[in-house]
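Let me begin by presenting the structure, written as structure tokens, before commenting on it.
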Amino acid sequence: MYMKKFFKTVGVCLGFPILNFLIVSFIQVFFLGYTKNNISLFQKNIFSLTILGDILTLVLITIILLPSNERLLRRIKIKKINLKEYFYIIALSIGVSILLLFLSGILSKIIPSYGDVVNQLNVASKSSLQLVIAIILIPIYEEIVFRGIIFGYLRKNFNIIVAVLVQALIFGIMHLNLVQGIYTFILGIVLALIYMYSDSILGNITVHIIFNLLGALIVPMLLSKFPIMVIVLLILGIVLFIFSVIKIIGKYEKSLYK
């Protein structure tokens, strides 16, 4: 009984992310082979290749779940969130995003190799299509898998603290570099808590999209034009974080212990 639960847990928590990694890697290698190792073209289309692998992964996950009568949509909660609750979630999104972006900036000074990742993202972000994929589509996929499926399973079968930490750890590791791994681990915790608070995957998808939007587009643009904004952004991030945490905990305190 315990061994069966162990293997199922490993399958859900590691199997699906590894499956995605293998599919995306295969697509990327195939693309490089087809374009005769055109690295520049590869970097410009990195997010298109990633989302293609993500879509194929979701198709396979749906097929895998069919024998157990567990449709993918049953695994995730899609419910409306009222306007007031959404306001608090958006405020938290902005606050957390700004603070994590500052953390990533500090870590990138300590771990210079992260600069290679940033340069690759900068190349891809010159395309509007790549930005849409990176800011909107990839977060939707990641929330379905990491919060909807992995966290959903862990929450039902393990202590809630273990569930939150394990899914966040897996989420961080799957980004495959130390700097991203650290701040996405923290982000993963926030996303799981928002999923519980809102009782809807729409809540954490919103947080994730805002995080990517600020990190890939808005904050870099503001700081490049107005360097002094760094102080304003930091203060804004702290204020919004404290405000939203107080409001959300007050509103959803009972749901933490469901």
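Per my numbering, residue 3 is the first one in the sequence shown, and the count goes up by one each step.
Glycine included, C-beta positions come from ideal geometry on N, C-alpha and C.
- For the region 97-174, the full-length alpha helix (DSSP H) segments reaching 4 residues or more read 116-126, 130-134, 140-144, 154-159 along the chain.
- Contact between Ile78 and Ile146 holds, with the beta-carbon distance rounding to 6 angstroms and staying under 8 angstroms.
- Taking the CA atoms as reference points, Asn124 sits about 36 angstroms from Ile163.
- For Ser110 and Gly174, the gap between their C-alpha atoms comes out near 16 angstroms.
- A straight line joining the alpha-carbon of Gly252 with that of Ile25 spans about 42 angstroms.
- Selection Gln132, Leu103, Asn179, Gln169 evaluated against Pro222 yields Leu103 as nearest (Cα-Cα).
- Taking C-beta separations shorter than 7 angstroms and ignoring five residues to either side along the sequence, the partners of Tyr155 in its chain run Val14, following chain order.
- The continuous alpha helix (DSSP H) containing Asp56 extends over residues 48-67.
- Its Cα nearest to that of Asn206, the residue Ile80 stands out among Tyr116, Val61, Ile80, Gln30.
- In this structure, Leu131 and Ser27 do not form a Cβ contact; the two beta carbons are roughly 22 angstroms apart against a cut-off of 8 angstroms.
- Between Asn214 and Ile137, the C-beta spacing is below 7 angstroms.
- Sequence-distant Cβ neighbours of Leu16 in its own chain, meaning closer than 8 angstroms and more than five residues away, are Ile172.
- The C-alpha of Arg157 is placed about 28 angstroms away from the C-alpha of Leu242.
- Taking 7 angstroms as the cut-off, the Cβ atoms of Leu193 and Ile83 do not count as close.
- In the DSSP assignment, Val221 falls within the alpha helix (DSSP H) that extends over 221-227.
- The closest CA to that of Ser127, considering only Ile212, Asn47, Lys7, is found on Asn47.
- Separation of Leu167 and Leu225 (C-alpha to C-alpha, rounded to the nearest whole angstrom) is 33 angstroms.
- For Asn22, the enclosing alpha helix (DSSP H) stretches over residues 18-36.
- Distance from the Cα of Phe245 is smallest, within the candidate group Ile112, Phe89, Leu43, Thr208, for Phe89.
- Annotation for His210: the continuous alpha helix (DSSP H) segment containing it runs 203-215.
- Residues Val166, Leu167, Ala170 of the same chain have their beta carbon placed closer than 8 angstroms to that of Ile191, with the five preceding and five following residues left out of the count.
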